[in-house]
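The block underneath contains the structure these notes are about, expressed in structure tokens.
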Amino acid sequence: MLKRLLGSVREFKKPTIITLIFIIGESIIETLIPFVTAELVDTIKESAKLSDGSGMQKVISTGILLAIMAFASLACGVIAARSCAKASSGFAKNLRHDLYDRINAFSFENVDKFSSTSLVTRMTTDVQNAQMAYMMVIRTAIRSPLMLIFSVVMSFVMGGMLAMTFVVIIPVLAFGLWLVGRKAMPAFRSVFRKYDRLNESIEENVRGMRVVKGFSREEYEKQKFGTAAENIRGDFTRAERIVAWNRPIMQFCMYFNMIFVLLVGSKMAIEGTSGVDVGQLSAMLTYGMQVLMSLMMLSMIYVILTMSTESMKRIDEVLCEKPSLANPENPVMAVADGSIDFDNVNFKYSAKAKRNSLSDVDLHIRSGMTVGIIGGTGSGKTSLVQLIPRLYDATEGTVKVGGMDVRDYDLETLRDAVAMVLQKNLLFSGTIKENLRWGNPNATDEEIVEACRLAQADEFVQAFPDGYDTYIEQGGTNVSGGQKQRLCIARALLKKPKILILDDSTSAVDTKTDAMIRAGFKTYIPETTKIIIAQRVASVEEADLILVMENGAVAAAGKHSELLESCEIYREIYTQQTKGGEENE
Amino acid sequence: MSKPQMPKRPKPNPKVLGRTLKLLFRYYPVLVPVTIVCILISAVTAALPPVFMQQVIADITLFQETHAPWETAIQSILPKVLMLGGFYVISWIAIILQTQFMAVITQGFLCKLRRTMFDKMQNLPIRYFDTHKHGDIMSRYTNDIDALRELVSQSLPSLLQCVVVLISVFFVMLYFSIWMTLILLCGVVVMVIVARKVGGGSAKYFIRQQKAMGKTEGFVQEMMNGQKVIKVFNHEEQSIKDFEAINNQLFEDSTKAHSYANTLGPIIGNIGNILYVIMAVSGGLLLLSNIRNVSLGGFVLLTIDIVVPFLNMAKQFTGNVNQASQQINAVVMGMAGGARLFEMMDEEPEPDDGYVTLVNAKLDEQGNITETTERTGIWAWKHPHGDGTLTYTQLRGDVRLTEVDFGYVEGKTVLHDVSVYAEPGQKVAFVGATGAGKTTITNLINRFYDIADGKIRYDGININKIKKDDLRRSLGIVLQDTNLFTGTVMDNIRYGRLDATDEECIAAAKLAGADDFINRLPGGYETELQNNGANLSQGQRQLLAIARAAVADPPVMIMDEATSSIDTRTEAIVQRGMDKLMEGRTVFIIAHRLSTVMNSDVIMVLDHGRIIERGNHEKLIAERGTYYRLYTGAFELE
């Protein structure tokens, strides 16, 4: 998993390596500094004894050496810090890029598997966690062990026996930190999950505020939230109190080190046998600090890595997910005609679903036919047509377009040949023209006007002060629902499709215009296969074939007159919709 | 689905810090001061070692010169070390207490803050939720609280500790040598200037990074929503290209933010190192030149046993400045987050000066109303008067709007001179294009918004006099967008009336025509709903919402496009239940589909905030006006 994620580092390998090199440099210098400092202190002491100023030269030269080292360390530190920022941000950027690419290739089945909210979280929060982990690792994963080793070695070199203090400190600290980490980690993991749920419940409350207020449930909600919040507070406090032991453990080691060095160090200095002097004494304290800090850092890396493992796993899951609708190996690059065949098709949205959303659909539509589909909510109308442009794949059986299995086509070729106007119409912010060109980026102005005429949209577009350059607000709020639907139809027409699917896309258009659109289809695009899903019987009445859907199956198929006689459901819908009208004729 | 988070971030305000502290003290009047004392103790002891070190080193030099044996030296050194050990024990206890208390305080503070915010939020007017993006409100509970948590749990104790260490070290240094302290101070000034510059840059870019993050989130969100359109039009490549631009911006800001943050440590640290060199060399020079050392201890000769510990102190001092500077970021972000939290907590709550309440009532044979505690199915308005008398009016469901004007924004009237009389048990329908003001009228009846001019009376009582809770309790609303809550189906129905029994809930579901599909769910009425009932169809959710209103059993109901997602055939099936549900109630109904409103007692056709036609179906058809054209399909409605 780690290897796959690290594959996203790509062009940011260079800053990563630069970071590592300069961090090694910085660590080496940093461990040498206390050594030279000890020298400096000792030379000062020496020169103070000489009291004729001759020792001062050595003080100054050591001082200059130390200053140079500080500057070198500064330079290394700054370069490492900057390249590290670049490397980790770049890693995150590439991760987001890869995720976005992948999600775009996903079929809806893939998306449904993760849920779209979760995909958004993976692209934002999880990537951010991975970025922090990456930064942490390249900054400290090398530095801390290096510092640890250097400091211990230097201490032995300088202090000899004094370094024995680490024999006590390191195991105590390492064990203590490990213990805290091991206890705290599961506690945190469970509480974070609860915390997420708490925030979800807040979101639910915000979204449903009208219901809350409508039923005067403010007090009830407060109580519910209060209980949940208190519950989490208890868990959080327990977890944090475990982690809070980190500092006392650290301090204990620091204090131990101080006392040990003072006692043993002064003995060694006074006995004067081991070459330990005042300078070494203070250096030992510094090294002690460095050792402790690097152990602390290591434990932090451990914590951050474990915490971010969850995030990394979640990112990896997306990157590993194979788009369930992949292009075949030798794709067919052209669609012959607009004929559609469903051969014993069964379909369900997820493998886990108990019931089929479509069952036993066997259907043959000739190119150029007009097909109407009618049926109640959840009867499977939309599921049926979504199989044609391969938004989903049939679970069993085959769907053919132009005589070929849809799975054999190049996906782009297939979808270019099938235009679908969705139930939920979406226009994007931009001018009308820009929106229409989604259908065909190279459409000429004439073609656009023509498509709009056919969709009965030209008239109202021309009436706008800016005509086709009228700006559509985000979500298309400045055009009416009926206008939006007509623009979406025009957009689909611009693709010059072999198959045109209208999924309940004239519901807000008045019956007269609706009829005009359908008449236009008949005259101007006779070869295109037209599939019209509608609530109104009037919209499908004249179709060559009408399908009545019920519970995921085609309950009846035929022409209007046939269905009126043979299909009870159809008759019911028909009389119900025309009843009111007849009373007033 | 939450909207993209693009919160406006106000400038960090020092007042926020003060208010945070005040809250901390108020929540934990004992624990906070105790913790502060612990921090003080551990900070002061942290400044002590150099003093002991100085004395031990003085001893060492002395005994080195006299070549005294270790056995003699220990007599002098041991008590000093033991004393230091004693201080350490105290300090260690203080640290344990302090860290444990901080864990309790931080989580308690956050919990109380969260609850205060949530409670406050429940009392905010609907206007607040209509004018703020949900993502923006949510980010206060997530990002802003996290930022404040960082401030309270890490930055504040750390800063306090640093300041105390700095002050005590400073005095110890003065005790040793004023000259050397002055040199150190000059260096520290440089450090502070650099820290402010770099730290400020870091905070600035971190806030920018946050914004870029919000933008990215919004973009991805929109893509996920429009994914079908993107696929149907083969628009993936363009969409990836668009994303790249946003992603790059985030990369730039993130790089800058972390560059500043990461460099701060090495810069300040190495300024500290260089300062150390300067101190050492000048210390040496001072030693040589035999300059009279001036210190708080008086005039003594500067000796090596002063210079060495002094250098250590210098290191400690600059180390603390470095540590404090690392907090700049968290402090700036925490204050910005806190400002947004307090901003929400300071919002004006929904005013409610109503005094007429809704009570259960009993009717005796003469028709006199007496108040009772049990649920009788009869309700009355309890109306206290200025002279201390009480009157009871039976709740009947008579709602009258008289010449009402209203606008959401001042100066932009959306309802003009609207008068509606709904008699008890009548079904009143509103028909009109989107934005004609249908929903606005219902918003006024339950006082989600208050009218600008005119009068609304409920059973003859001005609704401004009725307590909002009681007013809303007497009105059941079913909205177009159904919001369900996490919990079982039964819980969701019971939301309408918390003390309803299971049987009552099931009866309500049957009435709403929801019983059938609920029984087909895997767990029936005990099926857990999650994520706003995502696994139910829109139509099924609407049926649940109707059941929820039915169990509340309110005398007046508002149905705002309540059946819009139920297909006509199912609607016809549901219709019988709905008719039963509406029986004997005053119902305001808003619908697109004329079949839903046809059998209403009165139909109001609204256009641009005015009622242009009113009457029942037959009358309006006969008038051959807008309604007629709608009905015959000659006119489109949206």
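Those protein sequences? They're chains A and B, same order as listed. Numbering of the first sequence is given in the numbering used here, commencing with residue 117 and proceeding in unit increments. Numbering of the second sequence is given in the numbering used here, commencing with residue 263 and proceeding in unit increments. Built from N, CA and C at the ideal position, the CB exists for glycine as well.
Practice problem: Could you confirm whether any beta carbon from chain B is found closer than 8 Å to the beta carbon of A:Asn-700? | Solution: Only weak support is given to the placement of A:Asn-700: the predicted model assigns it a pLDDT of 35, under 50, and the value that follows is read from those uncertain coordinates. Interface flag for A:Asn-700 against chain B is set, since a Cβ pair is found closer than 8 Å.
Practice problem: Give the single residue among A:Arg-607, A:Asp-630, A:Met-520, A:Val-461 whose Cα lies nearest to the Cα of A:Thr-560. | Solution: Nearest C-alpha to A:Thr-560 among A:Arg-607, A:Asp-630, A:Met-520, A:Val-461: A:Arg-607.
Practice problem: Report buried or exposed for A:Glu-426, applying the criterion of at least 16 other Cβ atoms within 10 angstroms of its Cβ. | Solution: By the beta-carbon neighbour count (other beta carbons within 10 angstroms, threshold 16), A:Glu-426 is exposed.
Practice problem: Can you grab the Cα-Cα spacing for the pair B:Val-431 / A:Ile-195, in whole Å? | Solution: Here the alpha carbons of A:Ile-195 and B:Val-431 stand approximately 32 Å from one another.
Exercise. Give the DSSP-derived three-state secondary structure of B:Met-860 in the structure shown.
Key: Of the three classes helix, strand and coil, the one that applies to B:Met-860 here is coil, per DSSP.
Quiz item: Expressed to the nearest angstrom, what Euclidean distance is found between the alpha-carbon atoms of B:Ile-502 and A:Asp-217?
Solution: Going from the Cα of B:Ile-502 to the Cα of A:Asp-217 covers about 7 Å.
Quiz item: How would you call A:Arg-120, buried or exposed, if buried means at least 16 neighbouring beta carbons within 10 angstroms?
Solution: Counting the other CB atoms within 10 Å of its CB gives A:Arg-120 a total below 16, which places it among the exposed residues.
Self-check item: Under 8 Å from the C-beta of B:Glu-498: neighbouring residues of chain A
Solution: Neighbours of B:Glu-498 on chain A, chain order: Asn-220, Ala-221.
Practice problem: Have a look at B:Met-606, B:Ser-304, B:Val-292 and flag the residue whose alpha-carbon is nearest the alpha-carbon of B:Arg-376. | Solution: When the alpha-carbon of B:Arg-376 is set against those of B:Met-606, B:Ser-304, B:Val-292, the nearest one is in B:Met-606.
Quiz item: Are A:Val-377 and A:Leu-397 touching if we call contact CB-CB under 8 Å?
Solution: Yes, they are a contact pair.
Quiz item: Does the region 302-320 of chain A come close enough to the region 365-373 of chain A to have 3 or more Cβ pairs within less than 8 Å?
Solution: Between the region 302-320 of chain A and the region 365-373 of chain A there are fewer than three inter-stretch CB-CB distances shorter than 8 Å, so the stretches are not counted as touching.
Quiz item: Shortest alpha-carbon distance to A:Ile-149 belongs to which of B:Gln-837, B:Arg-735, B:Lys-577?
Solution: Out of B:Gln-837, B:Arg-735, B:Lys-577, B:Lys-577 has the C-alpha closest to the C-alpha of A:Ile-149.
Practice problem: State the Cα-Cα distance for the pair A:Asn-220 and A:Arg-212, rounded to the nearest angstrom. | Solution: Cα to Cα, A:Asn-220 sits roughly 12 Å from A:Arg-212.
Exercise. Taking C-beta pairs closer than 8 Å, name the residues in chain B that A:Asp-724 reaches, listed in chain order.
Key: No information on residue 724 of chain A is available, as it lies outside the stretch 117 to 701 that chain A covers here.
Quiz item: From B:Thr-638 to B:Asn-385, what does the alpha carbon distance come to, in whole angstroms?
Solution: If I take the Cα positions, the gap works out to 30 Å.
Quiz item: If you draw a straight line from the alpha carbon of B:Asp-615 to that of B:Trp-641, how long is it in whole angstroms?
Solution: C-alpha separation (whole angstroms): 21 Å.
Quiz item: Assuming A:Gly-513 contacts A:Asp-459 under a Cβ cut-off of 8 Å, what Cβ separation, rounded to an integer in Å, is found between them?
Solution: Right, their Cβ atoms sit about 5 Å apart.
Practice problem: Starting from B:Val-836, find everything on chain A with Cβ-Cβ shorter than 9 Å and list it in chain order. | Solution: Those within 9 Å of B:Val-836 in chain A number zero; the least Cβ separation is about 11 Å.
Practice problem: Determine whether the Cβ of A:Pro-613 lies closer than 8 Å to any Cβ atom of chain B. | Solution: Using beta-carbon distances, A:Pro-613 does not count as an interface residue toward chain B, since no partner is under 8 Å.
Quiz item: Thinking just about the alpha-carbon of each residue, which of A:Leu-295, A:Gln-247, A:Ser-317, A:Ile-615 is nearest to the one in A:Ser-424?
Solution: The residue from A:Leu-295, A:Gln-247, A:Ser-317, A:Ile-615 with its alpha-carbon nearest to that of A:Ser-424 is A:Gln-247.
Practice problem: Using alpha carbons as the reference points, say which of A:Phe-187, A:Val-407, A:Cys-683 lies closest to B:Asn-532. | Solution: Restricting attention to A:Phe-187, A:Val-407, A:Cys-683, the CA atom closest to the CA of B:Asn-532 is found in A:Phe-187.
Exercise. Going by CA-CA distance only, name the one from B:Ser-862, B:Tyr-522, B:Asn-510 that's closest to B:Gly-462.
Key: For the residues B:Ser-862, B:Tyr-522, B:Asn-510, the minimum Cα distance to B:Gly-462 belongs to B:Tyr-522.
Quiz item: In three-state DSSP terms, what is A:Arg-553?
Solution: The three-state secondary structure of A:Arg-553, taken from DSSP, is coil.
Quiz item: At what residues does the alpha helix (DSSP H) containing A:Ala-452 begin and finish?
Solution: Premise fails: A:Ala-452 is in no alpha helix (DSSP H) and is neither H nor E.
Quiz item: Leaving out five residues before and five after B:Thr-525 in sequence, what residues of the same chain have Cβ atoms less than 8 Å from its Cβ?
Solution: Excluding residues within five positions, the ones whose Cβ falls inside 8 Å are Val-460.
Self-check item: Amino acids of chain B, ordered along the chain, whose beta-carbon sits closer than 7 Å to that of A:Pro-364
Solution: Those are Trp-354, Ile-357, Ile-358, Thr-361, listed as they occur along chain B.
Quiz item: Residues of chain B with a CB under 8 Å from the CB of A:Thr-240: which are they?
Solution: Against A:Thr-240, the close residues of chain B are Met-475, Thr-478, Glu-479, Val-482, in the order they occur along the chain (beta-carbon pairs closer than 8 Å).
Quiz item: Between which two residues does the alpha helix (DSSP H) carrying A:Phe-138 extend?
Solution: 129-166 is the span of the alpha helix (DSSP H), which, as asked, contains A:Phe-138.
Quiz item: Shortest alpha-carbon distance to B:Ser-415 belongs to which of B:Phe-481, B:Ile-298, B:Ala-695?
Solution: Of the candidates B:Phe-481, B:Ile-298, B:Ala-695, the residue whose Cα lies closest to the Cα of B:Ser-415 is B:Ile-298.
Exercise. Kindly indicate if chain A contains any beta-carbon less than 8 Å away from that of B:Ile-301.
Key: Interface with chain A (8 Å Cβ-Cβ cutoff): B:Ile-301 is excluded.
Quiz prompt | Whole-angstrom distance between B:Arg-662 and B:Glu-612, CA atom to CA atom | solution = A direct Cα-Cα distance of roughly 23 Å separates B:Glu-612 from B:Arg-662.
Practice problem: Could you tell me whether the Cβ of B:Trp-332 comes closer than 8 Å to any Cβ of chain A? | Solution: Taking a beta-carbon distance threshold of 8 Å, B:Trp-332 counts as an interface residue toward chain A.
Quiz item: For A:Trp-361, which of helix, strand or coil comes out of DSSP?
Solution: In the structure shown, A:Trp-361 sits in coil (DSSP, three-state: anything other than H, G, I, E or B).
Practice problem: Identify each residue in the region 657-691 of chain B for which the Cβ-Cβ distance to at least one residue of chain A is less than 8 Å, and report them in chain order. | Solution: Of all residues in the region 657-691 of chain B, none has a Cβ within less than 8 Å of some Cβ in chain A.
Practice problem: Find out if the Cβ-Cβ distance for the pair B:Thr-634, B:Ala-623 is shorter than 8 Å. | Solution: Closer than 8 Å, so yes.
Exercise. Check whether the Cβ atoms of B:Val-294 and B:Leu-286 lie closer than 8 Å to each other.
Key: Cβ atoms of B:Val-294 and B:Leu-286: closer than 8 Å.
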